[in-house]
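>
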Amino acid sequence: RAADIECATVVLGAGPGGYTAAFRSADLGVDTVLIERYANLGGVCLNVGCIPSKALLHAADVIDQAAHASDYGVEFGAPKINIDTLRSYKEKVVGQLTKGLTGMARQRKVRVVQGTAKFLSANELEIVGDDGKALVLRFANCIIAAGSQPVKLPSFPWDDPRVMDSTDALNLADVPKKLLVVGGGIIGLEMATVYRALGSAVTVVEFMPQLMPGADLDLVKPLADRLKKQGVAVHLKTKVVEAEAQKTGIACTFEGESIPEGALYDRVLVSVGRAPNGGKLDAGKAGVAVTERGFIDVDRQMRTNVPHIFAIGDLVGQPMLAHKATHEGKLAAEVAAGEKKEWVARVIPSVAYTDPEIAWVGVTETEAKAKGLKVGVGKFPWAASGRAIGLSRTEGFTKLVFDEATHRIIGGGIVGVHAGELIAEIGLAIEMGCEVEDIGHTIHPHPTLSESVGMAAEVFDGTITDLY
Ligand code: FAD
Numbered sequence: 126r127a128a129d130i131e132c133a134t135v136v137l138g139a140g141p142g143g144y145t146a147a148f149r150s151a152d153l154g155v156d157t158v159l160i161e162r163y164a165n166l167g168g169v170c171l172n173v174g175c176i177p178s179k180a181l182l183h184a185a186d187v188i189d190q191a192a193h194a195s196d197y198g199v200e201f202g203a204p205k206i207n208i209d210t211l212r213s214y215k216e217k218v219v220g221q222l223t224k225g226l227t228g229m230a231r232q233r234k235v236r237v238v239q240g241t242a243k244f245l246s247a248n249e250l251e252i253v254g255d256d257g258k259a260l261v262l263r264f265a266n267c268i269i270a271a272g273s274q275p276v277k278l279p280s281f282p283w284d285d286p287r288v289m290d291s292t293d294a295l296n297l298a299d300v301p302k303k304l305l306v307v308g309g310g311i312i313g314l315e316m317a318t319v320y321r322a323l324g325s326a327v328t329v330v331e332f333m334p335q336l337m338p339g340a341d342l343d344l345v346k347p348l349a350d351r352l353k354k355q356g357v358a359v360h361l362k363t364k365v366v367e368a369e370a371q372k373t374g375i376a377c378t379f380e381g382e383s384i385p386e387g388a389l390y391d392r393v394l395v396s397v398g399r400a401p402n403g404g405k406l407d408a409g410k411a412g413v414a415v416t417e418r419g420f421i422d423v424d425r426q427m428r429t430n431v432p433h434i435f436a437i438g439d440l441v442g443q444p445m446l447a448h449k450a451t452h453e454g455k456l457a458a459e460v461a462a463g464e465k466k467e468w469v470a471r472v473i474p475s476v477a478y479t480d481p482e483i484a485w486v487g488v489t490e491t492e493a494k495a496k497g498l499k500v501g502v503g504k505f506p507w508a509a510s511g512r513a514i515g516l517s518r519t520e521g522f523t524k525l526v527f528d529e530a531t532h533r534i535i536g537g538g539i540v541g542v543h544a545g546e547l548i549a550e551i552g553l554a555i556e557m558g559c560e561v562e563d564i565g566h567t568i569h570p571h572p573t574l575s576e577s578v579g580m581a582a583e584v585f586d587g588t589i590t591d592l593y
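Counting in UniProt numbering, the sequence shown runs from 126 upward without gaps.
1) What separation, rounded to the nearest whole angstrom, lies between the Cα atoms of Asp591 and Trp507?
2) My parser needs the alpha helix (DSSP H) runs of 4 or more residues fully inside the region 297-374; what are they?
3) For the ligand FAD, is there any heavy atom lying closer than 6 Å to the beta carbon of Met337?
4) Cα separation between Lys362 and Ser195?
5) With three or more beta-carbon pairs closer than 8 Å as the criterion, would you say the region 310-318 touches the region 405-422?
6) Tell me whether Gly272 counts as near the ligand FAD, meaning its Cβ is closer than 6 Å to at least one heavy atom of that ligand.
7) Using only CA atoms, which one of Ala259, Gln355 and Val158 lies nearest to Arg126?
8) Using a threshold of 7 Å, state whether the C-beta atoms of Ile160 and Ala242 are closer than that.
9) Please work out which residues of its chain come closer than 6 Å, Cβ to Cβ, to Ala436, disregarding the five sequence neighbours upstream and downstream, and give them in chain order.
10) Measuring from the CB of Asn402, is there a heavy atom of the ligand FAD at a distance below 6 Å?
11) Taking 6 Å as the cut-off, is the C-beta of Glu161 nearer than that to any heavy atom in the ligand FAD?
12) Helix, strand or coil, according to DSSP, for Asn266 in the structure here?
13) With respect to 6 Å, is the separation between the Cβ of Gly174 and the closest non-hydrogen atom of the ligand FAD below this value?
14) Which residues share a DSSP beta bridge with Glu583?
15) Are at least three pairs of beta-carbons, each pair with one atom in the region 376-395 and one in the region 338-348, less than 8 Å apart?
16) Give a yes or no on contact between the region 356-373 and the region 479-491, applying the rule of three or more CB pairs nearer than 8 Å.
17) Using only the heavy atoms of the ligand GTP, determine whether one of them is closer than 6 Å to the beta carbon of Gly168.
18) Which residues share a DSSP beta bridge with Asp290?
19) What does the Cβ neighbour count give for Tyr197, buried or exposed, with the cut at 16 atoms within 10 Å?
20) What did DSSP end up calling Thr491 once you bin it into helix, strand or coil?
21) Can the beta-carbon of Ile434 be found closer than 7 Å to that of Val413?
22) Using the C-alpha atoms, what's the distance from Lys410 back to Asp563?
23) Return yes when the Cβ of Val526 is within less than 7 Å of the Cβ of Val500, no when it is not.
24) Cutting at 7 Å between CB atoms, please list the residues of its own chain near Gly558, excluding the five before and the five after it.
25) Is it true that the region 182-189 meets the region 292-307, where meeting means three or more beta-carbon pairs spaced less than 8 Å apart?
26) Could you spell out the range, first to last residue, of the alpha helix (DSSP H) harbouring Val561?
27) Assuming contact is defined by CB atoms lying nearer than 7 Å, are Ala322 and Ile514 in contact in what I supplied?
28) Buried or exposed for Leu389, going by 16 or more other Cβ atoms inside 10 Å?
29) With a threshold of 8 Å, are at least 3 pairs of Cβ atoms found where one atom belongs to the region 203-210 and the other to the region 386-403?
30) Say yes only if the C-beta of His543 is nearer than 6 Å to one or more non-hydrogen atoms of the ligand FAD, and no if none qualify.
31) Tell me whether Leu304 counts as near the ligand FAD, meaning its Cβ is closer than 6 Å to at least one heavy atom of that ligand.
32) Pick from Pro282, Glu216, Val235 and Gly240: whose alpha carbon is nearest that of Leu295?
33) Say yes only if the C-beta of Ser138 is nearer than 6 Å to one or more non-hydrogen atoms of the ligand FAD, and no if none qualify.
34) What does DSSP give as the partner residue(s) for Asp528 in the beta ladder?
35) Return yes when the C-beta of Pro141 is under 6 Å from any heavy atom of the ligand FAD, and no when it is not.
36) Between which two residues does the beta strand (DSSP E) harbouring Gln274 extend?
Set out below in structure tokens:
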């Protein structure tokens, strides 16, 4: 069959990885097609991930700030929540960004094709639109950016709308009286933060011995303490073994060290990880190797085992984060356009936008110990920061992990309000091969939370000073 569309580079999937790749490709003068199965561009991140969750977290923050304002003499009274307005606000934020992407694609003359794509061969894709009509697209280079989707544990009755994945939870159908969050990772705890602020009684169960597995335990503690104070019940080393839809709620059976008291929940959010979409593309017809779990392996130029087919974003591996996908997308587009490049990011920051936020980058202290690395650690408690005291948020701290011999920064972690904004400095320090003294000698503005990074670095000459 003759091709209906031909192009130099096709990008499969319009999430952060895909749209960045398509835009970069077009900017380099390459004739580019972007395929997306949904009407809105932006993928998980813009539509059902990073952006809507942060819009809701903003509302949660306002509710909490108002609740604590009486500490300094400002009374607001109990919040009245209009869930429809909140949902519209979230949708407005999402819409503004996704419409912006459509405009940017148009400006760059990226041809956007709506439909679900699968490989027919190493140079052809079939795209089936919502109307069931199929098109054949012939390409010279392809960038696979089909992303990931929530893991659906089979022990849950998924046909019952009270059982939710993150997409359902972001839809904000109502504020359940009792919400069970299965999985205490970043996504689960962000949604727990939102629903708790809106008024749900939240229970979190986590299979691992700590919340937010992957982050240092000391970073997680201030969050765990605050959740406890706020009445969120956290059960570690515990899992749900059975969930049954009953008339009055979802009945859950637990197994583990700490069993929640109640067993009946109005809604259950299952947030136990995401699975890559690599296995759904007939990639084998193009000769592209897909792992058993659905990941696609790539080299340092983002090429798959088929050199003119690239893969980026969530489906090439952890961490499944938007900022990793965009960097990979840019690189793949540049290499596909003929540039001789490769990308080796030293580190990729992780941020949980909980309250307090937790952010970490590079080697964690736990990892350093496990690997037997000889490291020094500089830690600055926010109880000594004038800014944190003024904000009534002194539970945070900042820490730097550096090589004991060279003093080069190899990792860092921050817990506290705005930790996600503050972590960038440590990422930059690692990328630039900074020594801890370099940060200590850099004058940070006063009074800011960013000063805590400078003060954590002053460990080198032992002069940790309070910042009042
Ligand atoms: P995706 O965003 O998954 O996009 C893939 C696109 O491909 C989708 O639009 C999909 O419809 C399309 N597609 C798939 N298969 C086909 C096909 N066969 N044909 C056509 N189109 C197809 N990351 C952060 O960095 N910060 C955050 O704060 C953050 N918060 C998150 C909160 C939640 C609730 C969730 C679920 C995720 C969050 N993430 C966050 C993760 C982030 O959303 C992902 O890492 C990011 O979206 C991955 O980008 P991607 O381009 O690889 O794929």
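The beta carbon of each residue, even a glycine, is placed where N, CA and C say it ideally should be. Just so it is clear, the structure is predicted and the values come from calculations on it, not from any experiment.
Taking the coordinates as given:
1) Reading the sequence shown from its first residue, position 466 is the one you call residue 591. Reading the sequence shown from its first residue, position 382 is the one you call residue 507. Because Asp591 carries a pLDDT of 44, less than 50, the predicted location of this residue cannot be relied on, and the following value inherits that uncertainty. The straight-line gap from Cα to Cα measures roughly 9 Å.
2) 311-323 and 342-354
3) Your numbering for residue 337 matches position 212 in the sequence shown. Not so, every heavy atom of the ligand FAD lies at least 6 Å from the Cβ.
4) As a position in the sequence shown, residue 362 is number 237, starting the count at 1. As a position in the sequence shown, residue 195 is number 70, starting the count at 1. Their backbone Cα atoms lie some 37 Å apart in a straight line.
5) no
6) For this step, residue 272 is matched to residue 147 along the sequence shown. For the ligand FAD, at least one heavy atom lies less than 6 Å from the Cβ of Gly272.
7) Numbered from 1 along the sequence shown, position 1 holds the residue referred to as residue 126. The shortest C-alpha separation from Arg126 is found at Ala259.
8) Within the sequence shown, the letter at position 35 stands for residue 160. Within the sequence shown, the letter at position 117 stands for residue 242. The answer is yes: Cβ separation under 7 Å.
9) Here residue 436 corresponds to residue number 311 of the sequence shown, with the count starting at 1. Once the five neighbours on either side are set aside, the close Cβ partners of Ala436 are Ile269, Ile421, Val423 and Thr429.
10) Stepping through the sequence shown from its first residue, residue 402 is reached at position 277. Checking the Cβ of Asn402 against the ligand FAD gives yes.
11) On the sequence shown, residue 161 is found 36 positions in, with the first residue counted as 1. Glu161 Cβ: within cutoff of the ligand FAD.
12) Stepping through the sequence shown from its first residue, residue 266 is reached at position 141. Here Asn266 sits in strand by DSSP.
13) Numbered from its first residue, the sequence shown carries residue 174 at position 49. It does: the Cβ of Gly174 is within 6 Å (strictly closer) of some heavy atom of the ligand FAD.
14) Within the sequence shown, residue 583 is the residue found at index 458, counting from 1. DSSP, once it has assigned bridges, lists no residue as partnering Glu583.
15) no
16) no
17) In the structure on display, the ligand GTP does not appear, and the ligands it does have are the ligand FAD.
18) Here residue 290 refers to the residue found at position 165 of the sequence shown. Asp290 pairs with nothing; no bridge assigned.
19) Against the sequence shown, residue 197 aligns to sequence position 72. Classification for Tyr197: exposed.
20) Within the sequence shown, numbered from 1, the residue matching residue 491 stands at position 366. Helix, per DSSP.
21) Numbered from its first residue, the sequence shown carries residue 434 at position 309. Numbered from its first residue, the sequence shown carries residue 413 at position 288. Cβ distance < 7 Å, so Ile434 and Val413 count as in contact.
22) Your numbering for residue 563 matches position 438 in the sequence shown. Your numbering for residue 410 matches position 285 in the sequence shown. Rounded to the nearest angstrom, the two C-alpha atoms are 52 Å apart.
23) Within the sequence shown, numbered from 1, the residue matching residue 500 stands at position 375. Within the sequence shown, numbered from 1, the residue matching residue 526 stands at position 401. Result yes, Cβ atoms of Val500 and Val526 sit closer than 7 Å.
24) Residue 558 sits at position 433 when you count from the first residue of the sequence shown. Once the five neighbours on either side are set aside, the close Cβ partners of Gly558 are Arg533.
25) no
26) Here residue 561 refers to the residue found at position 436 of the sequence shown. Start and end: Val561 to His566.
27) Along the sequence shown, read from residue 1 onward, the residue named residue 322 stands at position 197. Along the sequence shown, read from residue 1 onward, the residue named residue 514 stands at position 389. Taking 7 Å as the Cβ cut-off, Ala322 and Ile514 do not qualify as a contacting pair.
28) The sequence position of residue 389 within the sequence shown is 264, counting from 1. The residue is exposed, with fewer than 16 neighbouring Cβ atoms inside 10 Å.
29) no
30) Here residue 543 refers to the residue found at position 418 when the sequence shown is read from its first residue. His543 Cβ: outside cutoff for every heavy atom of the ligand FAD.
31) Looking up residue 304 in the sequence shown gives position 179. Leu304: no, Cβ never under 6 Å from the ligand FAD.
32) On the sequence shown, position 170 is the one that residue 295 refers to. Looking at the Cα atoms, Glu216 is the closest of the given residues.
33) Here residue 138 is taken as the residue at index 13 of the sequence shown, counted from 1. Here the sequence assigns Gly to residue 138, which means Ser is not the residue at that position. Indeed, a heavy atom of the ligand FAD lies less than 6 Å from the Cβ.
34) Residue 528 sits at position 403 when you count from the first residue of the sequence shown. Val500.
35) Here residue 141 refers to the residue found at position 16 when the sequence shown is read from its first residue. Yes, the beta carbon of Pro141 sits closer than 6 Å to at least one heavy atom of the ligand FAD.
36) Counting from 1 along the sequence shown, the entry for residue 274 is found at position 149. Where Gln274 is concerned, the enclosing beta strand (DSSP E) stretches over Ser273 to Pro275.
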